[in-house]
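In the working numbering, each residue's number is its place in the sequence shown (first place is 1) plus 1. Below is one structure, written out as structure tokens; comments come after it.
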Amino acid sequence: MRPSSRLPRESAPNALTQRLDRLRQSGTPYVDLTESNPTRAGISYPEDLLAPLAGKAALRYEPQPLGLSGAREAVALDYARRGARVDPGQVVLSASTSEMYGWLFKLLCDAGESVLVPRPSYPLFEHLTRLENVRAVPYRLEYHGRWEIDLDSVAAAPGDTRALLLVSPNNPTGSYVSPREVEAITRLCRDRGWALVVDEVFADYALDAASPVTDLAAAAGVLAFSMGGASKSVGLPQVKLGWTIVGGPETDRAAALEGLELIADTFLSVSTPVQVAAPDLLRRGAAVRDAIHARVRGTLAAARRVAAGHPACDLLPVEGGWSGVVRVPATHGEEALILGLLRDERILVHPGYFFDFEHEAFLVFSLLVPEDVFADAFDRTLRYAVAA
Ligand SMILES: Cc1ncc(COP(=O)(O)O)c(C=O)c1O
């Protein structure tokens, strides 16, 4: 078969993947400081949390492309928790935010057109755009004590740009978009006719940010989409439920909802059981969210205590989210460092280049790792990085 050019060219697995495969095959244990799956991180879940999926109402299949009204209402109600006013008619359900990215690219872009994506950020953008035949054009985030958007790199966007993607808080830099950035970006979107796509999956997990800006689409003056989902909001990636708030001027919003309805109707990918269960999952999932929040706070505090003992390393502030970033001496480069760490200390961290950091050496780790396991392994990681 000749695969289409939407798929990446086949390439040999990288050195880290090969080393990990060997360790796994030989059954050698290692400490995984990249664990970002909450269901594998020792978070406690109410045992019967998923019981509502088996509700009687789920036996009936009467699909609604944008989602069943009870589920859309539950999502709108959940936004009130953060003080945002959302009409259930603005809510679109999908199986995940990743799927919604694909739908939004179908809605907004012709083949070959561009969308602006933050760099550094979440590596999945490369695939999400490519699979939709869309070009991802990076704009820069710069670190000056906090991560800020380089607005000149946004303004330099190509003429065929259709949307600007914001991730707030961003993965892995942990930075929320600031009010000043929102103003500048909204102005650019209005002037250039771009839609604003805001990935707010980590919005509930504020850490160093005192009053983070969230729920951008709810009050946007331009066509905007705010995405969230059960995978982060209530720690349930396996139930496959994402949601998007469509905001902005009435006529744009109505056209976007009409387009999304057609796209969603083509797939009808959100299961009835998860929609029937959504009100309960979002309400009772608050306990899981609180447990995850407590975990990431505790692990960040442990990271600070450990980093204080290694003055050659710089733990970057984390405004929100589930990831931490530490800058370490760049003596031999990130790849040699992470491979050596795995070989000699049996510790896995991610290198900054996975996320397109502009220079070396940054290590990225998950704040979901239990604090006691984390503290010892992080201390060994920093010691190793300094000695390397
Ligand atoms: C910033 C960001 N957006 C979206 C996702 C995907 O979420 P979902 O499970 O809803 O597809 C992730 C997953 O890690 C993420 O980091």
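Don't be surprised by glycine CBs; every beta carbon is placed ideally from N, CA and C.
Counting along the chain, Trp-104 sits inside the alpha helix (DSSP H) bounded by residues 98 to 109. Counting along the chain, the unbroken alpha helix (DSSP H) around Phe-126 starts and ends at 125 to 131.
A straight-line Cα-Cα distance of about 11 angstroms links Thr-18 and Ile-339.
At the C-beta level, Val-178 and Val-138 stay beyond 8 angstroms of one another.
Ala-207 counts as buried, since no fewer than 16 other beta carbons sit within 10 angstroms of its beta carbon. Taken through DSSP and simplified to helix, strand or coil, Ala-42 comes out as coil.
Around the CB of Arg-163, 16 or more other CB atoms lie within 10 Å, so the residue is classed as buried.
The DSSP-derived three-state label of Ala-225 is strand.
According to the DSSP assignment, Tyr-140 belongs to the beta strand (DSSP E) that extends over 136 to 144.
For the beta strand (DSSP E) assignment, the uninterrupted runs of no fewer than 3 residues enclosed by the region 301 to 377 are, from N- to C-terminal side, 324 to 328, 363 to 367.
Rounded to the nearest whole angstrom, the C-alpha separation of Glu-11 and Val-92 is 38 angstroms. Burial state of Tyr-102 is buried, judged by a 10 Å Cβ sphere holding 16 or more other Cβ atoms.
Taking non-hydrogen atoms of ligand 1 into account, the C-beta of Val-32 is found less than 7 angstroms away from none of them. In this model, Asp-79 and Val-87 are separated by some 9 angstroms (Cα to Cα). Gly-84 sits exposed, since fewer than 16 C-beta atoms from the chains shown fall within 10 Å of its C-beta. By the neighbour-count criterion, in which 16 or more other beta carbons inside 10 Å mark a residue as buried, Ser-122 falls on the buried side. Using a cutoff of 7 angstroms, the CB of Ser-37 counts as near ligand 1, since one of the ligand's heavy atoms is closer than that. Put simply, of Ser-154, Ser-212, Thr-187 the residue whose alpha carbon is nearest the alpha carbon of Val-223 is Thr-187. For Arg-73, the enclosing alpha helix (DSSP H) starts and ends at 70 to 81. Phe-126 and Ala-112 have their C-alpha atoms roughly 16 angstroms apart.
In chain order, Val-93, Met-101, Phe-226, Met-228 place their CB closer than 6 angstroms to the CB of Thr-245, counting only its own chain and leaving out the 5 sequence neighbours on each side. If the five residues before and after Ala-59 are omitted, its C-beta is found closer than 6 angstroms to the C-beta atoms of Thr-273, Pro-274, Val-277, all from its own chain and listed in chain order. Taking a cut-off of 6 angstroms from the heavy atoms of ligand 1, the residues with a C-beta inside it are Ser-97, Thr-98, Ser-99, Tyr-123, Val-168, Asn-172, Asp-200, Val-202, Gly-230, Ser-232, Pro-238, Gly-243.
Between Ala-13 and Ala-362, the alpha-carbon positions lie close to 24 angstroms from each other. Residue pairing by DSSP places Asp-33 opposite Leu-349 in a beta bridge.
Note on the region 203 to 251: whole beta strand (DSSP E) runs with a minimum of 3 residues are 225 to 230, 243 to 248, in chain order. Around the beta carbon of Glu-63, fewer than 16 other beta carbons sit within 10 angstroms, so the residue counts as exposed.
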